[in-house]
Amino acid sequence: TDMMVILKPQKEWKTKKTYDELADEISEKLEVIPGVFFEKNQPIQMRFNELMTGIRQDVAVKIFGENLDSLAIYADKTAKVIQSVKGSTSPQIERVSGLPQINVEYDRTRMANYGLNIEDVNNAVSTAFAGKSAGQVFENERRFDLVVRLDSLHRTNIDDVSNLMISTASGTQIPLAQVANISYKLGPAQISREAGKRRIVIGFNVKDRDVESVVKDIQSKLDKEVKLPAGYYFTYGGQFENLQAASKRLMIAVPVSLFLIFMLLYFTFNSFKQATLIFTAIPMSAIGGVFALLLRDMPFSISAGIGFIALFGVAVLNGIVLIGTFNQLEKEGETNILKRVMEGTKTRLRPVLMTATVASLGFLPMAISTGAGAEVQKPLATVVIGGLVTATFLTLFVLPMLYIIFNTKINLKKINNKSVTAIVVLGFLFLGQTFSAQQGRTITVEEATRTAIENNQSIRSRDLDIKATQALIPTSKELPKMNVDAQLGQYNSKKFDQSFSISQTIPFPTLFKARKELIAEQIKGKQINREVSMNELAKQVRTYYYQIEYLQFNKSKLSNLDSLYNDFIRVATVRFKAGDIKKIEINTAETQRGEINLLLKQNEVYLTNAYKNLKTLLNIEEDISVPFDQNYHPLQAQYVLDSSAIAQHPTVKAFYQEMQIAEKNKKVEKSLGLPDFTIGYTNQSLIGFQTINGMDQYFNGGNRFHSATIGVSIPLTFGATKARIQSYEYQRQMAESNAKFQQKQLEAQLQNAFNQYQQNVNQYDYYVNQAIPNAEKIAKAGQLGYKTGEISYVEYLFALQTSTNIQLKYLESIQQVNESVVIINSIINK
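The numbering used here puts the first residue of the sequence shown at 1323, with every later residue one more than the last.
Pasting the structure below:
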């Protein structure tokens, strides 16, 4: 039961407390009431959330699984994690257990002593409390069941159940408590399902933070602290689900709005060049919008995205005013571009400033709003005001310079200092954009895997294959073609008669059901094949991703080694000029540095190819980058040899599904061997005299005679049908054999992969604990000794080579561990 406290309008309050302060104080006062959950919310917003997303709170964490007790346990753990995240309110767990039930547990030994059986006792209990029909009562034309049961005074509590008298075999009566233990037990309060699967919901509201960042923090904590068993998983709903849908729509709306703005500019000025010039106001305004959000510590939201769309439309007004003035001066005869720009800028300075000022002041009340709807208005107004400030400033300086450059043929011999300054400034602006573009979007391994599954063409082809099979479902009810016959001529007499007939063959009804079941199993097979492709795709993506990580660290290490050899050459050159060493030492050092450069170039080729292969798997054109962290550590494998888990591997499931398909094919063939039914109808003429009741009567072509036919088609031989059934049986046995073999093979591969993982981890531990510290000591001691002249160049070169090999093999050991973990995760389908 819900009880709501509806507040008066805030202007009628006699206290100066804010809404949050009042809600917190009310919650503190009501916390003493046990078994009640309190939260501050807006009733209308709460109802809208409930209607749109199924929950009242802002965000819902849904746990799907089969066992209600397990769901309740994991819900409690999840609630504790949610409560520890900043910005989340007290979570509310959906109640799925705690409903008391009367449980009757029979004592079979005592029942045997009295000659009772469970069926008779169950019948007595059911009749006493639920009632049982003992006959019927008629009232005029209506009839009613006559139900016998205990009266309401003896059906009120557990004592009534214990004192229920049971008749024994000897005819005596004993209370039920003598042959059974009656007690209260807690059972399920409700069972909630979504998409046919049981689930429990933990709802909470978001306070002083944006929904997306709170959900991301919760996701990361749940992944670390709450480990769900197989078959259990999390999903997230509520406003977060709406946010994701709105973000996707925004990704379409923003490019479309930009394109429409550009097209309108082009149609206005009939010039691609001038439309591009004015369009530069959009990135200039976006800079201010982003910085304004940063200054006010506001996250990017849907309202902020809408603010950017509005900003882009307003920002181009300044450019339109300036370019329009420049064109007008050119039509009036002003041929000097510099004078045209100076005069136009001077003339339109006040209108440009007024345009931006009026628009900014119009959004100012929204930017400083604190009333209802402020959380939506503030980001929108902040983006517009911040963007207009930068757009106006940059438009007055950058746009005139771009206009001069675009409309002047540059003569390198006559470039003055002002032109050089303008070009340098613009160069830095475009250089910054180019550098940002080359870096690409940073992507994690989880994002890469998810993007590949969403975009990869092989997965899309699997989806189309599933849809193609689903499209065949209506064919399960397909009937043979209808036969339509016509017989014309003298088939009855010399007169020309006509006979028309239609007939339809109908297979045995079980064939339709068998076909439908076959298609359903084929669809499951296609879906499992999609899982096989997803597993292989995830393995390939992770392989290239961790290879890129390794190559990036390898590149960094080789660059450091190149610096060491450069230092070696520098010291050797100084000592050579001083006459301490010979030229051969310098030549040897340069040769070693050349080998490092070759390794660097080779590493760069491998890195480029790995990025290309990863982008191909992700099916994207944009540049991406794998984050480069100074701490390069191997992955950890979680290995448990579980035959049931291996049996759920997509490849094994695919073979088992082939068994089901073969079984359904057998069922179809058996249905095809059953009789078919034929029904028909004939309409014909019989021209001539016919004797009817002793009198001859003439019938012409207009007099029609009708007849109907019913037939059964029975196969004479069953050899072909039996052969096909036997063939499908062999296919089923073959699929079963392949499934068992594949399962054994995967178990062996998993064991081998884990053994290889253990070996690689031991190798990594050796390098971390022994080899790497010694390599650093060798390199430092060798460098210091060579500089002071204590060791020869041969000894120093040997020390550098030893240190180099150890450091490169250390990185290689990490990569080998990661490769083993990728293989293990692929086998356990993780």
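For each residue, glycine too, the CB sits at the ideal point set by N, CA and C. All figures in this text were calculated on a predicted structure; none of them were measured in a lab.
Within the DSSP bridge table, the entry for residue 1937 names no partner.
Using a Cβ distance threshold of 8 Å, residue 2057 and residue 1977 count as a contacting pair. For residue 1337, there is no enclosing beta strand (DSSP E), since its DSSP letter is neither H nor E. When the Cα atoms are used, residue 1422 and residue 1479 turn out to be separated by approximately 12 Å. By the Cβ test, the region 1673-1693 is in contact with the region 1643-1656, since at least three Cβ pairs between them sit closer than 8 Å.
Residue pairing of residue 1381 in beta bridges, as defined by DSSP: 1526, 1560. By the Cβ criterion, the region 1807-1819 is in contact with the region 2000-2017, since at least three pairs of Cβ atoms, one from each stretch, lie closer than 8 Å.
Of 1540, 2037, 1908, the smallest CA-CA separation from residue 1410 is found for 1540. Here residue 1852 is buried: its Cβ has 16 or more other Cβ atoms, across all protein chains shown, within 10 Å. For residue 1815, the three-state secondary structure derived from DSSP is coil. Spatial neighbours of residue 1597 in its own chain (CB-CB distance under 7 Å, excluding positions within 5 residues in sequence) are listed in chain order as 1584, 1587, 1588, 1591. Spanning the alpha carbons of residue 1840 and residue 1987 requires a straight line of approximately 7 Å.
Secondary structure at residue 1780: helix, using DSSP grouped into helix, strand and coil.
One thing to note: residue 1722 has its Cβ no nearer than 8 Å to the Cβ of residue 1620. Between the beta-carbon of residue 1704 and that of residue 1614 there is about 5 Å, and that keeps the pair under the 8 Å contact cut. Across the structure, residue 1872 and residue 1854 are spaced so that their CA atoms are roughly 27 Å apart.
Just so you know, the alpha carbons of residue 1335 and residue 1350 end up roughly 20 Å apart. For residue 1766, the secondary structure class from DSSP, reduced to helix, strand or coil, is coil.
Look at the beta carbons and you see the region 1913-1920 not touching the region 2131-2139: under three pairs across the two are nearer than 8 Å. One alpha carbon belongs to residue 1861, the other to residue 2094, and they sit about 30 Å apart. Cβ-Cβ distances below 6 Å link residue 1797 to nothing in the same chain once the five nearest sequence neighbours on each side are left out. Taking C-beta atoms under 8 Å as the contact rule, residue 2138 and residue 2096 fail to qualify, at a distance of about 21 Å. Rounded to whole angstroms, the gap between the alpha carbons of residue 1593 and residue 1725 is 13 Å. When DSSP states are grouped into helix, strand and coil, residue 2028 belongs to the strand group. For the 8 Å CB-CB criterion, residue 1690 and residue 1638 do not form a contact. With respect to the 8 Å criterion, residue 1859 and residue 1781 are classified as neighbours on the basis of their beta carbons. At least 8 Å separates the beta-carbon of residue 1533 from that of residue 1556.
As computed with DSSP, residue 2004 is found in a beta bridge with 1823, 2029. A direct Cα-Cα distance of roughly 23 Å separates residue 1537 from residue 1774. In this structure, residue 1720 keeps its C-beta atom at 8 Å or more from the C-beta atom of residue 1573. Comparing C-alpha distances from residue 1630 to each of 2088, 1709, 2073 shows the shortest one belongs to 1709.
Cβ atoms of residue 1470 and residue 1453 come within 8 Å of each other, at about 7 Å. Across the structure, residue 1997 and residue 1850 are spaced so that their CA atoms are roughly 36 Å apart. Here the alpha carbon of residue 1549 sits roughly 13 Å from the alpha carbon of residue 1398.
For residue 1437, the CB contacts under 8 Å within the same chain, skipping 5 residues up- and downstream, are 1490, 1491, 1492 in chain order.
With a threshold of 16 other beta carbon atoms within 10 Å, residue 1513 falls short and is exposed.
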